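Residue numbers (this note's numbering), protein chains in the order written: chain S, 36 to 187; chain E, 36 to 187; chain C, 36 to 187.
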């Protein structure tokens with residue numbers, strides 16, 4: 036009747052699917068927050084990238100290390116979060132255990148928040164940033180490998 | 036029979052789903068267009084990033100502000116468009132009104148086209164770029180918050 | 036019974052859907068590999084972006100062309116791969132022929148691996164990188180245009 040269908044997976048009563056949508060929306064807001072962080076630093080340091088932003092303030096475009104740090108954190112999000120969305124979607128289709136799947140989504144989300152916190156809000160000595168990054172990295176990698184094995 | 040299923044949402048007769056797919060495809064083409072814009076500027080300004088591109092033209096790799104401007108617009112797309120795809124998908128599952136959902140997809144898409152136009156095609160004084168950016172930003176944020184509330 | 040539903044498309048017995056998930060997972064791993072490539076170059080060239088990474092090694096943050104090359108290849112992935120995921124999803128809903136769809140997914144994936152190989156692993160003279168890039172670019176473009184036409 037629903038042979039091979041994904042009705043039971045992409046289902047609003049399936050806690051894994053609900054968790055996936057919930058943490059994805061949270062991660063979207065986290066990425067959006069990076070723009071506020073960047074703008075805050077640009078105004079604070081008076082460091083704008085474009086003449087049309089700098090000149091009305093009688094400034095010249097300049098590069099500031101504090102702005103660049105936030106931009107690197109933002110870029111790190113772009114390198115890691117969109118592929119998590121895709122790996123997480125494939126992983127859901129491999130029939131993972133509910134507890135495991137929700138834990139992976141949750142830990143990934145926390146790790147990305149921590150990454151930005153120790154990278155671009157309060158600079159904490161290594162290996163804090165490396166650990167936060169690696170946590171997210173290996174979760175995405177695990178989900179992608181499990182998906183690959185399942186659909187081979 | 037389809038308890039909690041998303042059959043009525045991910046449905047080719049559902050105008051919201053059709054709109055989501057349509058505007059997403061349009062945004063994909065918009066992002067693809069950025070590569071043409073960058074290449075045009077690189078050739079026009081003879082500013083290439085790699086020795087293997089510059090040397091056959093008897094040039095050295097160099098940085099040009101007009102190229103960098105297009106690259107910033109492209110990066111701004113990468114910061115905003117993939118998370119829109121995810122926020123829009125979650126938002127569809129919250130049973131929004133058809134008119135509202137289609138309007139948000141449409142306005143987001145227009146705002147992103149305008150953003151590139153005033154940033155990297157014809158440089159228009161601020162706040163035109165800020166307004167175009169903010170329009171897309173708040174639409175994505177609204178959709179993500181609505182999704183979060185719905186799946187809490 | 037399943038009027039307009041996508042049950043037959045998003046179906047674990049549909050080879051196109053299975054291929055889409057499989058190649059997407061492979062591309063996720065490919066993007067993850069870029070971080071290893073970057074880290075390898077950073078350690079080899081002793082070129083770190085942050086003081087907290089450089090100072091414990093008694094170095095200053097510096098920019099190295101070999102690191103930047105890998106970072107450009109990584110950024111090129113971010114410019115091309117997330118939009119492929121979206122274009123490929125829309126394209127699946129247009130009822131493509133199985134053979135065509137699978138071939139497009141496969142060729143895109145190979146092209147992106149080749150792109151990184153000739154850009155950032157072994158630098159091969161142009162037009163090898165341009166061809167690898169264009170192959171992926173036109174596949175994504177084709178899929179997006181087909182989706183647009185179908186949902187117009």
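In this text, a Cβ means the ideal position worked out from N, Cα and C, and glycines have one as well.
Note that the structure is a prediction, hence the values are computed from the model and not measured.
query, result
"Unbroken stretches of the alpha helix (DSSP H), 4 residues or longer, contained in the stretch 139–169 of chain C", "none"
"Start-to-end residues for the alpha helix (DSSP H) that takes in residue 121 of chain S", "100–127"
"CB-CB length for residue 102 of chain C against residue 82 of chain C, believed under 8 Å", "5 Å"
"Touch test, the stretch 42–59 of chain C against the stretch 141–161 of chain E, Cβ-Cβ under 8 Å, three pairs minimum", "no"
"Closest by C-alpha distance to residue 5 of chain S, when choosing among C:106, C:120 and C:119", "The shown model of chain S, from 36 to 187, leaves out residue 5 of chain S, and the question about it has no answer."
"Short CB-CB distance (under 8 Å) between residue 59 of chain E and chain C", "yes"
"Residues that residue 130 of chain S bridges to, as DSSP identifies them", "Residue 130 of chain S is not bridged to any residue."
"Inter-residue Cα distance where the pair is residue 52 of chain C and residue 131 of chain C", "11 Å"
"Residue 135 of chain E versus residue 119 of chain E - alpha carbon distance", "16 Å"
"Beta carbon proximity, residue 43 of chain S to chain C, threshold 8 Å", "no"
"Option in C:87, C:108 and C:117 with minimal Cα separation from residue 167 of chain C", "C:108"
"N-terminal and C-terminal residue of the alpha helix (DSSP H) that residue 75 of chain C is part of", "50–80"
"Buried versus exposed, by CB contacts within 10 Å (16 or more), residue 138 of chain C", "exposed"
"Residue 91 of chain S: first and last residue of the uninterrupted alpha helix (DSSP H) it sits in", "Looking at the DSSP string, residue 91 of chain S is not in any alpha helix (DSSP H), and its letter there is neither H nor E."
"Distance between residue 80 of chain E and residue 99 of chain E (C-alpha atoms, nearest Å)", "7 Å"
"Contact list for residue 141 of chain C against chain E, beta-carbon separation under 9 Å", "Near residue 141 of chain C there are no residues of chain E at all, since even the closest Cβ is about 19 Å away, more than 9 Å."
"Closest Cα partner of residue 155 of chain S within the set S:171, S:69 and S:96", "S:69"
"In DSSP terms, what residue 40 of chain E is bridged to", "S:46"
"Closer than 8 Å to chain S by CB, residue 179 of chain C", "no"
"Residue nearest to residue 74 of chain E in terms of C-alpha spacing, selected from C:169, C:186, C:140 and C:40", "C:169"
"Backbone secondary structure at residue 83 of chain S - three-state DSSP", "coil"
"Interface residues of the stretch 113–147 of chain E facing chain C [CB-CB below 7 Å]", "113, 117 and 120"
"Among S:125, S:178, S:129 and S:59, nearest to residue 145 of chain S - alpha-carbon criterion", "S:59"
"Partner residues on chain S for residue 107 of chain E, Cβ-Cβ distance less than 7 Å", "84"
"Contacts of residue 172 of chain C in chain E (Cβ-Cβ under 8 Å)", "67 and 70"
"Under 8 Å between C-beta atoms of residue 50 of chain S and residue 133 of chain S", "yes"
"is_contact[residue 36 of chain C, chain E] using C-beta, thresh 8 Å", "Any answer about residue 36 of chain C is weak, because its pLDDT of 44 lies below 50 and its placement is not dependable; what the coordinates show is given next. False, the Cβ-Cβ gap to chain E never drops below 8 Å."
"Spatial distance of residue 140 of chain E from residue 92 of chain E (CA atoms)", "43 Å"
"Where residue 184 of chain E falls, given that 16 or more other Cβ within 10 Å makes a residue buried", "exposed"
"Contact set between residue 64 of chain C and chain S, taken where Cβ atoms lie within less than 8 Å", "176, 179, 180 and 183"
"Interface flag, residue 47 of chain C vs chain S, CB-CB below 8 Å", "yes"
"Where residue 137 of chain E falls: helix, strand or coil (DSSP)", "helix"
"Short CB-CB distance (under 8 Å) between residue 40 of chain S and chain C", "yes"
"Closest Cα partner of residue 112 of chain E within the set E:67, E:95 and E:126", "E:67"
"Residue 190 of chain C (DSSP reduced to helix, strand or coil)", "Lying outside 36 to 187, the shown extent of chain C, residue 190 of chain C is not represented and no answer is given."
"C-beta neighbour in chain S for residue 99 of chain C, strict 8 Å", "no"
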